[in-house]
Amino acid sequence: MPTQHSPTTPYAAVHETHAGVVFLVGERAYKLKKPEDFGFLDYSTRELRRAACLRETELNRRLAPDVYDGVLDVVDAGGRPVEHLVAMRRMPEDRRLSTLVRRGADIGGCLRQIAHLLAAFHSRAARDSRVAAEGAAEALRGRWTSGFAQVRSLPGDITGGRVDEIERLVLRFIDGRRALFSARIAEGRVVDGHGDLLADDVFCLDDGPRVLDCLEFDDRLRFVDGLDDAAFLAMDLERLGAPEAARDFLRRYADLAGDPAPSALHHHYVAYRAFVRAKVAGLRHGQGDPGSGEQARALSALALKHLRAGAVRLILVGGTPATGKSTLAGELADHTGAVRLSSDRLRKETAGIAPTASAAAAYRSGLYAPEATDRVYADLLGRARRLLGLGESVVLDASWSSAAHRAAARALAAETAADLVELRCTADDDVVTSRIAERARTGSESDADVAVARAMAAAFDPWPQAHRVDTSRTSSRRSAREAAAVVDRRTSEPASEPDRGVPAGADPARASAGTTAVPRRTL
């Protein structure tokens with residue numbers, strides 16, 4: 404069908420990218436490949452450019468069959484081919500998604516259609532062992548490390564001094580999440596996708612969106628996790644100043660694809676796509692584009708923001724009975740989107756009794772005998788190990804009175820490359836006594852009485868690594884906000900200072916950029 408242009412749209416125009424030139428004439432568009440070899444992309448010979456044009460047409464017809472007409476030859480006076488062009492239907496500039504975002508238009512309906520289109524495309528996309536191999540942890544690690552090498556080879560520092568921290572967070576995430584990437588492959592999440600889904604290449608037409616310009620020059624870079632494919636557009640929407648639309652789009656895609664991926668993976672893939680575009684901006688900067696250097700720095704900052712937000716955390720929330728640790732653990736699970744595991748709940752689950760059923764006993768006896776407690780902590784850490792490997796942050800709600808149990812948790816954090824945060828709740832004696840009395844009246848998962856609380860406090864091993872949270876005089880929500888500031892700070896400042904209390908005036912708004920509250924899960 405013909406494309407209608409605005410009266411202000413020029414009849415003819417030329418647009419240039421780092422890899423090609425697009426000629427717009429009337430209702431048609433013609434794409435020329437530049438004779439360049441960037442290492443990751445090689446168009447250095449006419450034969451390679453012709454093959455790329457044919458491949459581009461074939462692949463893009465999967466999503467936009469009515470846009471890609473075919474490949475035309477440019478011939479000399481003797482009729483011999485000297486160059487090749489991809490011939491296309493010209494899209495209306497004023498319906499380009501990036502144009503709509505910059506204009507502040509309502510893009511919600513179009514994004515919902517794109518999410519449907521992409522989820523359906525991925526559901527029927529090719530899957531085989533060659534495709535699946537590119538979803539493995541080692542393959543993703545290789546793409547990142549290749550990108551780091553390319554960025555470092557460019558003149559100047561295009562990342563604004565961020566590349567070292569980006570690399571540290573990337574490798575930490577991947578190396579601790581091998582189980583997650585293996586699970587993604589087993590679930591069939593890795594597909595022959597689009598590979599380069601930018602808002603500039605999406606058009607919101609009256610009869611539905613058209614998605615153009617998939618990646619054709621390297622099949623392996625197009626063999627991606629479907630969530631990674633969608634994250635490219637989410638990244639670009641955020642770059643353009645529409646972060647809420649970006650989050651909504653990625654969540655809607657995941658819902659339509661039936662994909663329960665952890666939020667950490669959402670963040671990781673957005674970061675990867677931001678870094679890829681930072682590299683491309685760096686290449687353009689090297690070609691003399693004056694504005695691309697600042698773009699590269701901004702995209703690097705976006706990548707770093709999402710890597711910090713997507714860090715996998717193991718949060719220990721401990722303390723003696725009635726010091727507010729379970730309340731704080733629940734609030735922190737809400738803040739971080741983590742899974743909360745409770746020793747009280749696990750202890751009674753193992754014993755086959757209801758969570759609030761009484762199993763009261765003297766200190767270190769009954770269900771609370773040392774050998775029983777050791778089993779509970781071993782089970783707690785075992786469950787946490789599986790969740791951390793799958794990309795879920797975990798809040799462990801227990802007393803953590805034993806230095807040996809805490810050492811085991813630290814070893815687990817190191818094994819799974821998770822950021823460890825240790826928090827110890829404290830409260831005044833009169834507050835503890837009052838809370839225990841209230842529990843006795845209303846019922847609780849905890850069985851501790853005042854005598855048990857005092858005995859545990861007397862036997863509590865020193866915990867100099869913990870940040871103390873005094874819950875005596877502040878609301879539970881305020882305590883949680885202050886503790887959350889500690890949790891957020893740890894991702895960018897991994898080293899902790901021993902026994903530092905949470906400052907009473909800590910800014911409660913210091914949440915990881917780009918994150919939103921996710922309802923907690925308690926196991």
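Just so we're aligned, residue 404 is where the sequence shown starts under the working numbering, counting upward by one. C-beta atoms are modelled at their ideal positions from N, C-alpha and C, and glycine is treated no differently.
Contact annotation, F576 with V715: C-beta distance approximately 7 Å; criterion of less than 8 Å satisfied. With respect to the 8 Å criterion, K682 and V554 are classified as neighbours on the basis of their beta carbons.
T562 is positioned such that its CB atom lies closer than 8 Å to that of A699. With contacts defined as CB atoms closer than 8 Å, H418 and V428 fail to qualify as a contacting pair. The C-alpha of D692 is placed about 35 Å away from the C-alpha of V593.
Annotated three-state conformation of I756 is coil, per DSSP. Sorting P865, S802, L826 by C-alpha distance to the C-alpha of D850 places S802 at the top.
Comparing C-alpha distances from G579 to each of A490, R789, L705 shows the shortest one belongs to R789.
Here the alpha carbons of G727 and E647 stand approximately 34 Å from one another. Remark: three or more beta-carbon pairs, one from each stretch, lie closer than 8 Å, so the stretch 461-470 and the stretch 613-627 are flagged as touching. By the Cβ test, the stretch 534-542 is in contact with the stretch 593-602, since at least three Cβ pairs between them sit closer than 8 Å. Within the same chain, Cβ atoms closer than 6 Å to the Cβ of C456 are found at V474, H487, V489, the five residues on either side in sequence being excluded. With 16 or more other Cβ atoms inside 10 Å of its own Cβ, R687 counts as buried. In the three-state reduction of the DSSP assignment, F441 falls in the coil class. For D616, the secondary structure class from DSSP, reduced to helix, strand or coil, is coil. For D831, same chain residues with a beta-carbon under 7 Å away, outside a window of 5 residues either side, are S875 in chain order. Within the stretch 618-651, the complete alpha helix (DSSP H) runs of at least 4 residues fall at 622-625, 629-642. Closest option to D864, judged by alpha-carbon separation, among H808, A854, F620, E841: H808. Secondary structure of V470 (DSSP, three-state): coil.
Beta bridge pairing from DSSP links R892 with no other residue. Taking a 10 Å sphere around the C-beta of Y414, we find fewer than 16 other C-beta atoms and assign the residue as exposed.
The three-state reading of DSSP puts H421 in coil, since its state is none of H, G, I, E or B.
Look at P773 here: in three-state DSSP terms it is helix.
In this structure the stretch 636-650 touches the stretch 659-678; the number of beta carbon pairs closer than 8 Å is three or more.
Counted as a single uninterrupted DSSP element, the alpha helix (DSSP H) harbouring F524 occupies residues 511-527. Exclusion of the five residues before and after A602 leaves L500, S501, V504, L636, D639, L640, L643 as the residues of its chain whose Cβ lies within less than 7 Å of its Cβ.
Excluding sequence positions up to five before and after P558, its CB lies within less than 7 Å of the CB of G689, all in the same chain and listed in chain order.
Counting along the chain, M491 sits inside the beta strand (DSSP E) bounded by residues 484-492.
Leaving aside the five residues that flank L653 on each side, the residues in its chain whose CB is nearer than 7 Å to its CB run, in chain order, A633, A634, A637, H669. The straight-line gap separating the alpha-carbon atoms of G740 and R527 is approximately 31 Å. The alpha carbon of K436 has as its nearest neighbour, out of G423, E430, D445, the alpha carbon of G423. D622 and E459 have their C-alpha atoms some 11 Å from each other. A Cβ-Cβ contact shorter than 8 Å links S746 with V779. By the Cβ rule, the stretch 513-530 counts as touching the stretch 654-666, because three or more pairs are nearer than 8 Å.
H671 places its beta carbon less than 8 Å from that of G713.
Take E570, set aside five residues on each side of it, and the residues of its chain with a beta-carbon closer than 6 Å to its own are F551, in chain order.
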